[in-house]
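Novice: Residue 409 in my numbering sits at position 387 of the sequence shown, and the numbers go up by one each step. All residues carry an ideal CB built from backbone N, CA and C; glycine is no exception. The structure presented is a predicted model; accordingly, all values stated were derived computationally and were not measured.
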Amino acid sequence: MASDTDTIQIALKHHQAGQFQKAESIYRQILLDNPNHPDALHLLGVLTHRLGKNTIAAELINKAIANNPQNPIFHFNLGVVLNALGKWKDAMKAYEQALRLKPDYAEALNNLGSIMETHGKIDGAIEKYQQALRIKPEYVEALNNLGNALKARGQLDDAIEKFLQVLRLKPDYAEVLNNLGNALKARGQLDDAIEKYQKAIRLKPEFPEAWINLGNSQEALGLLESAIDSCRQALRHKPDYVIAHSYLLFLMSYNALYSPDRILEEHRNWDAIQGGKQKAHTFSHSSSGGPDKRLKIGYVSPDLRQHAVSLFFDPILKNHDRSQVEIFCYAEVSKPDAVTESLKMIADKWRTTVDLSDEDVAHMIYDDKIDILIDLAGHTAGSRLRVFTYKPAPIQVTYLGYCTTTGLKTMDYWITDTVLHPKDTLELAVETIIRLPRCWLCYQPPADAPKIEPKVCANNGVTFGSFNNLSKMAPDVIACWSQLLKEVPNSRLLLKARLLADPFIKERILIQFAHQGINQERITLSPHTPSYLADYKGQIGSNLHCSTIINCFFNASISFWNFLSLFIRVSTLFSASLTVDPFIPKYLPISIFFVLLIIFDKYNAVCLSSFPLPFLSNSSFFLP
Numbered sequence: 023m024a025s026d027t028d029t030i031q032i033a034l035k036h037h038q039a040g041q042f043q044k045a046e047s048i049y050r051q052i053l054l055d056n057p058n059h060p061d062a063l064h065l066l067g068v069l070t071h072r073l074g075k076n077t078i079a080a081e082l083i084n085k086a087i088a089n090n091p092q093n094p095i096f097h098f099n100l101g102v103v104l105n106a107l108g109k110w111k112d113a114m115k116a117y118e119q120a121l122r123l124k125p126d127y128a129e130a131l132n133n134l135g136s137i138m139e140t141h142g143k144i145d146g147a148i149e150k151y152q153q154a155l156r157i158k159p160e161y162v163e164a165l166n167n168l169g170n171a172l173k174a175r176g177q178l179d180d181a182i183e184k185f186l187q188v189l190r191l192k193p194d195y196a197e198v199l200n201n202l203g204n205a206l207k208a209r210g211q212l213d214d215a216i217e218k219y220q221k222a223i224r225l226k227p228e229f230p231e232a233w234i235n236l237g238n239s240q241e242a243l244g245l246l247e248s249a250i251d252s253c254r255q256a257l258r259h260k261p262d263y264v265i266a267h268s269y270l271l272f273l274m275s276y277n278a279l280y281s282p283d284r285i286l287e288e289h290r291n292w293d294a295i296q297g298g299k300q301k302a303h304t305f306s307h308s309s310s311g312g313p314d315k316r317l318k319i320g321y322v323s324p325d326l327r328q329h330a331v332s333l334f335f336d337p338i339l340k341n342h343d344r345s346q347v348e349i350f351c352y353a354e355v356s357k358p359d360a361v362t363e364s365l366k367m368i369a370d371k372w373r374t375t376v377d378l379s380d381e382d383v384a385h386m387i388y389d390d391k392i393d394i395l396i397d398l399a400g401h402t403a404g405s406r407l408r409v410f411t412y413k414p415a416p417i418q419v420t421y422l423g424y425c426t427t428t429g430l431k432t433m434d435y436w437i438t439d440t441v442l443h444p445k446d447t448l449e450l451a452v453e454t455i456i457r458l459p460r461c462w463l464c465y466q467p468p469a470d471a472p473k474i475e476p477k478v479c480a481n482n483g484v485t486f487g488s489f490n491n492l493s494k495m496a497p498d499v500i501a502c503w504s505q506l507l508k509e510v511p512n513s514r515l516l517l518k519a520r521l522l523a524d525p526f527i528k529e530r531i532l533i534q535f536a537h538q539g540i541n542q543e544r545i546t547l548s549p550h551t552p553s554y555l556a557d558y559k560g561q562i563g564s565n566l567h568c569s570t571i572i573n574c575f576f577n578a579s580i581s582f583w584n585f586l587s588l589f590i591r592v593s594t595l596f597s598a599s600l601t602v603d604p605f606i607p608k609y610l611p612i613s614i615f616f617v618l619l620i621i622f623d624k625y626n627a628v629c630l631s632s633f634p635l636p637f638l639s640n641s642s643f644f645l646p
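1) Given a cut-off of 9 Å, decide if Leu-448 and Pro-282 are closer than it, judged by their beta-carbon atoms.
2) If you reduce the DSSP assignment to three classes, tell me which class Leu-73 lands in.
3) Identify which residue in Ile-545, His-537, Ile-531, Asp-524 has its Cα closest to the Cα of Asn-512.
4) For Glu-160 and Asn-167, what's the separation of their Cα atoms in angstroms?
5) Beta strand (DSSP E) containing Ile-396: first to last residue?
6) Quick one: what does DSSP say Gln-718 is sitting in, helix, strand or coil?
7) Give me whichever residues DSSP pairs with Ala-353 in a beta bridge.
8) For the alpha helix (DSSP H) containing Phe-486, name the first residue and the last one.
9) So what does DSSP say about Ser-379, is it helix, strand or coil?
10) Among residues of its own chain, excluding the 5 on either side of Ala-130, which ones have a beta-carbon nearer than 6 Å to its beta-carbon?
11) Grab me the residues of Asn-58's own chain with a C-beta within less than 7 Å of its C-beta, minus the 5 sequence neighbours each way, in chain order.
12) According to DSSP, simplified to helix, strand and coil, what is Lys-318?
13) Taking the C-alpha atoms as reference points, what is the distance between Thr-420 and Ile-437?
14) Mapping the DSSP letters down to three states, classify Trp-233 as helix, strand or coil.
15) So with Cβ pairs under 9 Å, would you call Leu-131 a contact of chain B?
16) With burial defined as no fewer than 16 other Cβ atoms inside 10 Å of the residue's Cβ, what is the status of Ile-533: buried or exposed?
17) Under 9 Å between the Cβ atoms of Asp-390 and Arg-373?
18) Taking the alpha-carbon positions, what's the Ala-39 to Leu-73 distance?
19) Taking all protein chains shown into account, decide if Met-367 is buried (16 or more other Cβ within 10 angstroms of its Cβ) or exposed.
20) Let's test the definition: count the other Cβ atoms within 10 Å of the Cβ of Thr-140 and tell me whether it reaches 16, buried, or not, exposed.
21) Report yes or no: do the segment 75-84 and the segment 34-48 share at least 3 C-beta pairs separated by less than 8 Å?
22) Using the Cα positions of Ile-590 and Val-198, report the straight-line distance between them to the nearest angstrom.
23) Nearest by alpha-carbon distance to Gln-187: which of Leu-450, Ala-164, Gly-311 is it?
24) Ser-488 to Ala-519, Cα distance in whole Å?
25) Identify whether Glu-228 lies in helix, strand or coil by the three-state DSSP scheme.
26) Considering Val-419, what are the terminal residues of the alpha helix (DSSP H) in which it resides?
27) At the level of alpha carbons, what is the spacing between Asn-204 and Ala-215?
28) Rounded to a whole number of angstroms, what is the C-alpha to C-alpha distance between Ala-171 and Ala-208?
29) Identify which residue in Met-114, Phe-335, Ala-249, Asn-93 has its Cα closest to the Cα of Val-102.
30) To the nearest angstrom, how far is the alpha carbon of Ala-360 from that of Arg-460?
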């Protein structure tokens, strides 16, 4: 008759071969004879974790530990299971106990570092990875994690070296190729990054994260259709990948090739796929309080930090009538900054949602008894839009941070105005559109923005400028700029974007202008400035007079605040009218032309008159 040890080895072979039913049957047979058999309890717990039953797995491994508390592997695997349950603090304790029993346990050091990195303790994580590597110098998982942590700390060269070290040990490591691509992208080497993503995908075609990173790089180069295709590939392999799905909608919303009907259909599809499970758990609401009740207003955003949204949200927050409303902010901000602290001081209640599940955030909002919940992000990066699918507040509104419908049946209203959504708008939405009678937003420049003065064109000609992402520098936009440069003698064009630090990308842009007949000496390409304040100083310090803004009302705001002329292209869609909205004929004598090409004679006269839209120079930006 086989001993328990021999039987465990047989079960373990089935387990390692993926024959889980056979392995489980043997583990359970052992436990029928000996309910406290520590190895059978532990291995059954590991198998149960593999099947996604983590609560049961934790119970089994805890029972194994009770019968053999000195086995470090038991504590290590308990840490794995607890972390999968979201109990990361308990997981850290389990790894620490494993290390007390086995100080040279490199895997426990690596996993401990991973939890620390996930929760923002980058320096501590790096220390743990380095300790693991001193024990196992060729431990590729720890090298990879160390590379990611160094990247998070801004040490891109060191991070890239770690990733390359891993690939020398394991050339077909798709995840590391993806991470190397991320580091190269952060350094502005988009072509190299794309090459790494594509290699990772060839090794592992069902790698949705690599597909979405490829799409992000393609978007940055203005290859929008390729980026959209990459998003669809990511979703084909992982249909519930909410980040990829929202990114797809974001890209489509800024692409004129898609009709309003198609945009609406795609957004509704997001709601059906990403919000379907939550709809079974929506909250019920009943009216409470009388007409004198102080309403509770909740704002949900990842951008309550140094971000364009905060410059428009700040004056709203400051001007709420606190005798009528109580303000709650739900901040998905992993790296708070000075702007975060400033907004936090203005809000009545501040809640951090980082590391919380959508359901947990929904319960938090429901428990706060919020009356009106307002989304400030839509389908942009970091959004917690799935929280709204639980309907944690009786009234839910989208505003400010996104350019079209959310697609959510649980989103009641969309706040805009009569310019962004005129009566004949082509926009389609699931929400009821609320049109404010005047401009839908107001701009608050940074408190330390430099003093500005109206200025005139320099004698050596006009400098036009665009500070948009290169994704907005599409071929038709380059054609527009080129025609304008031909029409205005001695004019120049300044383009500023982060990716223009890459010489290959700069050459690509110059070649496109050369094909339009523009000498490269008339084009100045500048990399991204480190802060919004630097953009102010950059505009004021030049003879920049005209900035073409396409779907970027933040850049438009800087331009007008600095008394600069503005070239715009608008249509009857919300996303294409954002930059013109604060400056419409209803408020100021400016003509808006719903055409694709600029009317060059008009703008030529403006630029050469030495007055940057003089009727705006003495006007307040915000028109209440």
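Specialist: With the given structure in hand:
1) For the purposes of this step, residue 282 is taken as the residue at position 260 of the sequence shown. For the purposes of this step, residue 448 is taken as the residue at position 426 of the sequence shown. Cβ atoms of Pro-282 and Leu-448: closer than 9 Å.
2) As a first step, residue 73 must be located in the sequence shown, where it is residue number 51. In this structure, Leu-73 counts as coil in the three-state DSSP scheme.
3) Working through the sequence shown from its first residue, we reach residue 512 at position 490. Nearest C-alpha to Asn-512: Ile-545.
4) Here residue 160 refers to the residue found at position 138 of the sequence shown. Here residue 167 refers to the residue found at position 145 of the sequence shown. Those two C-alpha atoms are separated by around 13 Å.
5) Taking the sequence shown and counting its residues from 1, the one referred to as residue 396 is at position 374. That run of the beta strand (DSSP E) goes 394-397.
6) Nothing about residue 718 can be reported from this structure: the residues present for the chain run from 23 to 646 only.
7) Locating residue 353 in the sequence shown gives position 331, where the first residue counts as 1. DSSP output for Ala-353 lists Ser-323, Thr-374 as bridge partner(s).
8) The sequence position of residue 486 within the sequence shown is 464, counting from 1. No alpha helix (DSSP H) holds Phe-486; the beta strand (DSSP E) holding it covers 485-488.
9) Working through the sequence shown from its first residue, we reach residue 379 at position 357. Correct three-state label for Ser-379: coil.
10) Working through the sequence shown from its first residue, we reach residue 130 at position 108. Taken in chain order, the residues that qualify are Phe-98, Tyr-117, Ala-120, Leu-121.
11) As a first step, residue 58 is located in the sequence shown; it is residue number 36 there, counting from the start. The residues are Asn-89.
12) As a first step, residue 318 is located in the sequence shown; it is residue number 296 there, counting from the start. Of the three classes helix, strand and coil, the one that applies to Lys-318 here is strand, per DSSP.
13) Counting from 1 along the sequence shown, the entry for residue 420 is found at position 398. Counting from 1 along the sequence shown, the entry for residue 437 is found at position 415. Thr-420 and Ile-437: Cα-Cα distance of roughly 7 Å.
14) Residue mapping note: residue 233 aligns to position 211 of the sequence shown, counting from 1. The answer is helix: DSSP assigns Trp-233 an H, G or I state.
15) Although the question refers to chain B, the structure presented lacks it and comprises just one protein chain.
16) If you number the sequence shown from 1, residue 533 lands on position 511. Result: exposed.
17) Sequence index remark: in the sequence shown, residue 390 carries index 368 (1-based). Sequence index remark: in the sequence shown, residue 373 carries index 351 (1-based). It is a contact, given that the beta carbons lie within the stated cut-off.
18) Counting from one through the sequence shown, the residue named residue 39 turns up at place 17. Counting from one through the sequence shown, the residue named residue 73 turns up at place 51. Approximately 14 Å between the Cα atoms of the pair.
19) In the sequence shown, residue 367 corresponds to position 345, counting from 1. The residue is exposed, with fewer than 16 neighbouring Cβ atoms inside 10 Å.
20) Position 118 of the sequence shown holds residue 140. Thr-140 comes out exposed.
21) no
22) Walking along the sequence shown from the start, residue 590 turns up at place 568. Walking along the sequence shown from the start, residue 198 turns up at place 176. Residue confidence is low: Ile-590 scores 47 on pLDDT, short of 50, so the model does not pin down where it sits. No coordinate-derived value is stated.
23) Position 165 of the sequence shown, counted from the start, is the residue given in the question as residue 187. The candidate whose alpha carbon is nearest that of Gln-187 is Ala-164.
24) Here residue 488 is taken as the residue at index 466 of the sequence shown, counted from 1. Here residue 519 is taken as the residue at index 497 of the sequence shown, counted from 1. If you take the alpha carbons of Ser-488 and Ala-519, they lie about 9 Å apart.
25) Indexing the sequence shown from 1 puts residue 228 at position 206. Coil.
26) Sequence index remark: in the sequence shown, residue 419 carries index 397 (1-based). Element bounds for Val-419: not the alpha helix (DSSP H) but the beta strand (DSSP E), 417-420.
27) One-based indexing of the sequence shown puts residue 204 at position 182. One-based indexing of the sequence shown puts residue 215 at position 193. The alpha-carbon atoms of Asn-204 and Ala-215 are separated by roughly 7 Å.
28) Working through the sequence shown from its first residue, we reach residue 171 at position 149. Working through the sequence shown from its first residue, we reach residue 208 at position 186. For Ala-171 and Ala-208, the distance between alpha carbons rounds to 14 Å.
29) To locate residue 102, count along the sequence shown from 1; it is residue 80. Checking every option, the nearest Cα to that of Val-102 belongs to Met-114.
30) Translated into the one-based positions of the sequence shown, residue 360 becomes position 338. Translated into the one-based positions of the sequence shown, residue 460 becomes position 438. Cα-Cα distance, rounded: 31 Å.
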